[in-house]
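Here is the structure we will look at, set down as structure tokens.
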Amino acid sequence: MRHTISAVLALCVVLSLAAFITLAPVWRGFDAWRQIWPLVAISTIAVTLFSLRNRHRWLPVTLSLGVAAILLPAIPEWLRRLDLEPVADASGGGAELTVMTHNLWGLGTNAAGVPAVIEALAPDILALQEATRQAKSAVDQLESAFPHVARCRSVRVLTRLPMLDSGCVRHPPEISFENAVPCDWELPPAVWARVELPDGRDAVIVSVHLTWPFPSAAQDCQRRNLARALTRMDQSTLIVMGDFNAAAPSRALARIERDLGLERRSIALPSWPSEGLTGDLPVAPMLIGIDHIFAGEDWRTMSITAGPDTGSDHRPLIARMRLLAAARPDQS
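Each residue of the sequence shown is one higher than the one before, starting from 104 at the first, in my numbering.
Next comes the structure, spelled out in structure tokens:
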């Protein structure tokens, strides 16, 4: 009897989660399970391995089918990661710079060590989110260390490169709100800065912080309106960084990448939770990649990695980017 009860419970757990993961395109409530896909995968694999002790020999086979359905949506992300080609040497390239994005966890960060960690990483451009409350002292120190700062609500762009212009990301002026519904007004905290690159060209850098994709539909509204607002900017050299609160293989992240029209460079790169939330553990605790860097087609990603613990519940992402050399007039 005990084996039968445990078999029924295991079937309910694994097959239900498999159904939720599979039905993610149907409803954002199901898609929320893809946001925590690593936890779902680990737990169902553990249940399946434990079922090997059950006397019902059919149980592990059935559970394995459920696990396969759970693993299947993540295969494209990992294939994309494996397909990343090493970048050749920098000869013949254009401007090269280090960009970094970091959510400072304004509600609970231990901010004292943040500036030292970030200064050691020496980014040329730094995008910050949740740059408020307990993180305020760290933000003040960082802003004093960078010659140029763009601010809007709780997000920042700090740059060592000359800043030509900056501002809050806003709705395009030609948009009419005469018949608007509340969703049409929704924009995430987002700031842009137009910087002059070492080769004389310029690029727009955006720091953004989207809300969670569930239970409300607010992220859908933010995603659509953000993409619409950014269409006025040069897409080929645009870099959009921040906390998107969307992780692969969720449909939410796929829709963000689709609507922005930029290539996501943070592939299978977990950034949350960090030690600021979990405490010190024998291994790095990050399981979910909700922080991302998107860039236009003229940017090559030389390298991208999650940075060290700063006391936040997020790890920073650091990318070395190279702008493709501008074509000569006689080659155009």
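From the three backbone atoms N, C-alpha and C, an ideal C-beta is built for every residue, glycine too.
Beta carbon of residue i nearer than 7 Å to that of residue j
i: Arg-368; j: Ile-393; result: no
i: Glu-289; j: Cys-255; result: no
i: Trp-136; j: Ile-124; result: yes
i: Pro-411; j: Val-252; result: no
i: Ala-349; j: Ile-391; result: no
i: Thr-262; j: Ala-230; result: no
i: Ala-234; j: Ser-257; result: yes
i: Leu-264; j: Val-298; result: yes
i: Asp-302; j: Leu-267; result: no
i: Ala-110; j: Ala-172; result: no
i: Gly-414; j: Asn-157; result: no
i: Pro-176; j: Pro-352; result: yes
i: Ala-68; j: Arg-418; result: This structure cannot settle anything about residue 68, because the visible part of the chain is limited to 104 through 435.
i: Gln-237; j: Asp-346; result: no
i: Asp-134; j: Ala-330; result: no
i: Val-117; j: Leu-166; result: yes
i: Arg-105; j: Ala-371; result: no
i: Leu-114; j: Ala-198; result: no
i: Ile-396; j: Leu-426; result: no
i: Asp-416; j: Gly-382; result: no
i: Arg-131; j: Phe-249; result: no
i: Val-309; j: Val-343; result: yes
Element boundaries [alpha helix (DSSP H), containing residue i]
i: Asp-323; result: 321-333
i: Val-220; result: 217-224
i: Val-170; result: 161-174
i: Thr-125; result: 105-125
i: Phe-153; result: 140-153
i: Ser-240; result: 239-248
i: Trp-181; result: 178-185
Cβ separation of residue i and residue j, assumed to be a contact under 8 Å, to the nearest whole Å
i: Arg-424; j: Val-202; result: For clarity, residue 424 is Met in the given sequence; the question names Arg instead. About 6 Å; that satisfies the 8 Å criterion.
i: Pro-292; j: Val-311; result: 7 Å
i: Cys-271; j: Val-294; result: 6 Å
i: Ala-332; j: Arg-273; result: 6 Å
i: Thr-314; j: Gln-322; result: 5 Å
i: Thr-151; j: Pro-141; result: 16 Å between Cβ atoms; not a contact.
i: Gly-174; j: Ala-144; result: At residue 174 the sequence reads Leu, which differs from the Gly that was named. About 6 Å separates the two Cβ atoms, so the contact holds.
i: Glu-366; j: Ala-320; result: Not confirmed; about 26 Å, so no contact.
Range of the contiguous beta strand (DSSP E) that encloses residue i
i: Gln-232; result: 228-232
i: Leu-426; result: 420-426
i: Glu-252; result: The identity of residue 252 in the sequence shown is Val, whereas the question assumes Glu. Taken as a continuous stretch (DSSP letters only), the beta strand (DSSP E) holding Val-252 covers 251-255.
i: Thr-204; result: 199-206
Any non-hydrogen atom of the ligand ZN closer than 6 Å to residue i Cβ
i: Phe-123; result: Absent from the structure shown: the ligand ZN. Ligands present: none.
Beta carbon proximity, residue i to chain C, threshold 7 Å
i: Cys-324; result: Among the chains in the structure shown there is no chain C, since it carries only a single protein chain.
Practice task
Let me know the alpha helix (DSSP H) ranges lying completely inside the segment 338-409, each 4 residues or longer, listed in chain order.
Solution key: 354-363, 378-381
Checklist entry - How about the segment 324-340 and the segment 223-234: do they share at least three Cβ pairs that are nearer than 8 Å? => result no
- prompt: Which runs of the alpha helix (DSSP H) fall wholly inside the segment 257-310 and span at least 4 residues, in chain order?
  reply: 285-288
Fill in: the segment 382-389 touching the segment 354-362, judged by at least three CB pairs closer than 8 Å
no
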